[in-house]
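Q: To start, I am sharing the structure in question, which I have written as structure tokens.
There are 2 protein chains.
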Amino acid sequence: MPRRTPPVAELVDRAREGESRAVARLISLVEDESPMLREVMAALSPYAGHAHIVGITGSPGVGKSTSTSALVTAYRGTGKRVAVLAVDPSSPFSGGALLGDRVRMQDHALDKGVYIRSMASRGHLGGLSWSTPQALRVLDAAGFDVVFVETVGVGQSEVEIAGMADTTIVLLAPGMGDGIQAAKAGILEVGDLYVVNKADRDGVQNVTRDLRNMLALAERAEGAWVPPILKTVASRNEGIDEVVTAIEDRLTWMRGNGVLDDRRRSRARDEIEAIAMTTLRARFAHLHGDARLDVLAAKVAEGNTDPYSAADELIAAL
Amino acid sequence: MPRRTPPVAELVDRAREGESRAVARLISLVEDESPMLREVMAALSPYAGHAHIVGITGSPGVGKSTSTSALVTAYRGTGKRVAVLAVDPSSPFSGGALLGDRVRMQDHALDKGVYIRSMASRGHLGGLSWSTPQALRVLDAAGFDVVFVETVGVGQSEVEIAGMADTTIVLLAPGMGDGIQAAKAGILEVGDLYVVNKADRDGVQNVTRDLRNMLALAERAEGAWVPPILKTVASRNEGIDEVVTAIEDRLTWMRGNGVLDDRRRSRARDEIEAIAMTTLRARFAHLHGDARLDVLAAKVAEGNTDPYSAADELIAAL
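Spelled out as structure tokens, the structure:
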């Protein structure tokens, strides 16, 4: 039985009052690419731009969800409202993630100040979906003070998450060959904080030293943020308060020098562009209700024109 | 000292006569996103649409380059002209690949019927670049009968390569946990041929059986191509002729039922769309010489409008 969707204004009000079901409904509208999204985004826009978006990335097994959970608890201790968006860049489906959400929510089930949600990666372009920024916009406007975006660091995903976050935490752990992985995946360009988790294990000194050496080699402009290296044992809550302090230091630093505003404008720019491109792509596909693109494609395939001339024709027909 | 670029018509003629340097120069124009590309593509279009584009993908270590090299030799034995485009989706740089090209070319250095080239993946969207289809267009128009596109199967790359190829070969090898990998990465949806390489090793029966079981579960329309499973030891040239036969069977099948034409039109469609989108993106960035997108981004960041309304304004300003 399809659920009735309440009016957008009502959903937005309830989400801002901390009602998890209203937040969930709004994010589902994003996931489903609902035609109501325009109205939702218009209703949310006056409230957006206040959350600190914190990306958390790292290889499988470094302890991302344990660390995130510990950070959520620590932030709740300071009275802040916290949301977690766990993005799985390897799966086009979100179904399987829902059970995980429920398990993860158990610690915070009665706490209206916490919201946890998994999202699959969408879109045929691979990597993190263009719906992720919109889900972040929902959580931001819903009044969460801190929004963690957690994703497995594979391929391009950590670069993409860094583009969406104000602050990016790169998690590592001893004994996983992370030093080599770090250099390879280019995570040294995206981390604002480096956290070596499982710091009670052998090899923590090696990881920390490798990381320090590699960060020392990075070129950094005068006055640029210098990423701190922290150690945690997230499963025992060790070092978590220090991570919270570092996140807050970073926020203060960004606020003081305009970096936060720059990041937000840059994200808005990417979002507008993505929506405009998606809109235009849809228009190409259904141009004047005929199959103009198909006709052009057939001409190119038969060698009767080239793709550049065909693209010119397509744009001219808009 | 910058090299003089000969006139496009001359380059195209020389490339069609099998001159490797002319082919290389044309592909460099693609890689450099040269302003001459429009002219190049226009000059090439009458000759395009004849090559059989064969994708080769598989996890690291399954023997992709050995297999490709054996296939090149086998095809040369039948008198066909063969090109190899090796795409590295993990690297934004192509510099390191050039030495590899020279090593790989040694076996075929005096053979005008063979061309081998590595390309880095470009573009901020991740995955295979939009320049790959254009490089394939160059090789096609240069008169190669078969063009192999080789890429490491990681993340989305095998799905993307399948979109660019007429025929996709998925390579596997025993003892690499490929059965599980296969299901996970969705390669069962992209393979037209499955080749279990290193078939002299333990575990070849397991891989073949797992693969057969999984392929048996796939839903297939009436009359659809049924992917064969082949075994090779590429390093000793065993089973390679059978792979060539299977590739040619697939080509005959595609020619007979219109699938080949469909694929080519679909590829042309993607190419036109990608070029049109890139053109429009550039126009957004420099709209009327002002910073319209920046102004809109600031308004969205400050909550004065939402990204959908901003996208509408951007499109209206085109």
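Note that the protein sequences, when read in sequence, are chains A and B.
Note that our numbering gives residue 455 to position 81 of the first sequence, counting from 1, and the numbers run on in steps of one.
Note that our numbering gives residue 618 to position 244 of the second sequence, counting from 1, and the numbers run on in steps of one.
Cβ coordinates follow ideal geometry from the N, Cα and C atoms, glycine included.
Just so it is clear, the structure is predicted and the values come from calculations on it, not from any experiment.
Count the other C-beta atoms from every protein chain shown that fall within 10 angstroms of the C-beta of B/P346, then say buried if there are 16 or more, exposed otherwise.
A: Any property of residue 346 of chain B remains undetermined from this structure, which presents chain B solely from 375 to 692.
Q: Excluding five sequence neighbours on each side, which residues of the same chain lie with their C-beta closer than 6 Å to the C-beta of A/G470?
A: Any reading at A/G470 needs caution, since the residue's pLDDT is 40, under 50, leaving its predicted position unreliable; the model's value is listed next. Closer than 6 Å at the Cβ level, and outside the excluded window around A/G470, lies no residue.
Q: Using a C-beta to C-beta distance shorter than 9 Å, which residues of chain A count as neighbours of B/V526?
A: Here the premise fails: no neighbours, minimum Cβ distance about 11 Å.
Q: Determine whether the Cβ of B/F658 lies closer than 8 Å to any Cβ atom of chain A.
A: So, interface residue.
Q: Go through the region 588-634 of chain B residue by residue and report every complete run of the alpha helix (DSSP H) that reaches 4 residues or more, in order.
A: The region 588-634 of chain B contains these whole alpha helix (DSSP H) runs: 614-631.
Q: Under three-state DSSP, which class holds A/D491?
A: Looking at the sequence provided, one finds Arg at residue 491 of chain A rather than Asp. Residue state, collapsed to three classes: strand.
Q: When the Cα atoms are used, what is the spatial distance from A/A515 to A/V456?
A: Approximately 12 Å between the Cα atoms of the pair.
Q: Got a sec: is the Cβ-Cβ distance from A/L654 to anything in chain B below 8 Å?
A: So yes, A/L654 belongs to the interface.
Q: Would you say A/P381 faces chain B, with C-beta separation under 8 Å as the test?
A: So, not an interface residue.
Q: For A/S465 and B/A389, I'd like the C-alpha separation in whole angstroms.
A: Confidence at A/S465 is low in this model, with a pLDDT of 48, below 50, so the placement of that residue is unreliable and no value is reported for it.
Q: Out of B/R594, B/R586, B/A417, point me to the one whose CA is closest to B/L546's CA.
A: If we check each option's Cα against that of B/L546, B/R586 comes out closest.
Q: Applying a beta-carbon distance threshold of less than 8 Å, which residues of chain A neighbour B/D635?
A: In chain order: A675.
Q: Out of B/N571, B/N611, B/M628, state which residue places its alpha-carbon closest to the alpha-carbon of B/G597.
A: It is B/M628 whose Cα lies nearest to the Cα of B/G597.
Q: Considering only the alpha carbon of each residue, which of B/D566, B/V414, B/G577, B/Y489 lies closest to B/V428?
A: Looking at the Cα atoms, B/D566 is the closest of the given residues.
Q: Is A/L668 close to chain B, meaning its C-beta is less than 8 Å from at least one C-beta of that chain?
A: Per the sequence presented here, residue 668 of chain A reads as Asp, with Leu not at that position. A/D668 counts as touching chain B.
Q: State the beta-bridge partners of A/G432 as determined by DSSP.
A: Paired residue(s): A/V526.
Q: So which of A/S683, A/E687, A/L692, A/L688 has the shortest CA-CA distance to B/L411?
A: Looking at the Cα atoms, A/S683 is the closest of the given residues.
Q: Below 8 Å on the Cβ atoms is my contact criterion, and I expect A/I646 with B/A671 to pass it. Report the Cβ-Cβ distance as a whole number of Å.
A: So it is a contact: roughly 6 Å between Cβ atoms.
Q: Report buried or exposed for A/K605, applying the criterion of at least 16 other Cβ atoms within 10 angstroms of its Cβ.
A: Flag for A/K605 reads buried.
Q: Hey, could you find the ends of the beta strand (DSSP E) A/T541 is sitting in?
A: 541-546 is the span of the beta strand (DSSP E), which, as asked, contains A/T541.
Q: Determine, for B/E593, whether the minimum Cβ-Cβ distance to residues of chain A falls below 8 Å.
A: Taking Cβ atoms only, chain A never reaches closer than 8 Å to B/E593, which makes this a no.
Q: With A/Y568 as the anchor, note down where its beta strand (DSSP E) starts and where it stops.
A: It spans 567-570 - the beta strand (DSSP E) in which A/Y568 sits, taken as one unbroken run.
Q: Scan the region 562-585 of chain B for residues whose Cβ lies nearer than 9 Å to a Cβ of chain A and list them as they occur along the chain.
A: Listed by position along the chain: nothing, the set is empty.
Q: Does the region 536-543 of chain A come close enough to the region 565-582 of chain A to have 3 or more Cβ pairs within less than 8 Å?
A: Counting Cβ pairs under 8 Å, three or more are found: they touch.
Q: Spatial neighbours of B/D519 within its chain, please: CB distance less than 6 Å, with the 5 preceding and 5 following residues excluded, ordered by chain position.
A: The residues are K454, R455.
Q: Any chance you could list the alpha helix (DSSP H) runs of at least 4 consecutive residues sitting entirely within the region 389-437 of chain A, in chain order?
A: Runs of the alpha helix (DSSP H) inside the region 389-437 of chain A: 394-405, 411-418.
Q: Measure the beta-carbon distance from A/L692 to A/R657 and round it to whole angstroms, keeping in mind my assumption that it falls under 8 Å.
A: 7 Å between Cβ atoms; contact.
Q: So, does the CB of A/Y682 fall closer than 8 Å to a CB anywhere in chain B?
A: True, the Cβ-Cβ gap to chain B drops below 8 Å.
Q: Measure the beta-carbon distance from A/R491 to A/I430 and round it to whole angstroms, keeping in mind my assumption that it falls under 8 Å.
A: Between A/I430 and A/R491 the Cβ distance is about 14 Å, and since that is not below 8 Å, they are no contact.
Q: Determine, for A/T506, whether the minimum Cβ-Cβ distance to residues of chain B falls below 8 Å.
A: Not closer than 8 Å to any Cβ of chain B, the Cβ of A/T506 fails to qualify, so no.
Q: Relative to the C-alpha of A/A685, which residue among B/L654, B/D680, B/N678 is closest?
A: Selected option, being the one with the closest Cα: B/L654.
Q: Which residue's Cα is closest to the Cα of B/V526: B/A675, B/A460, B/A396?
A: When each option's Cα is compared against that of B/V526, the closest is B/A460.
Q: What distance in whole Å lies between the Cβ atoms of B/L385 and B/A396, which are believed to be in contact at a cut-off of 8 Å?
A: Correct: roughly 5 Å between the Cβ atoms.
Q: Within 8 Å of any Cβ in chain B, is that where the Cβ of A/S492 sits?
A: Chain B contact via Cβ: absent.
Q: Relative to chain B, which residues along the region 639-652 of chain A have a C-beta separation below 9 Å, given in chain order?
A: Correct list: R639, S640, R641, A642, R643, D644, E645, I646, E647, A648, I649, A650, M651, T652.
Q: Between which two residues does the alpha helix (DSSP H) carrying A/A671 extend?
A: Where A/A671 is concerned, the enclosing alpha helix (DSSP H) stretches over 666-675.
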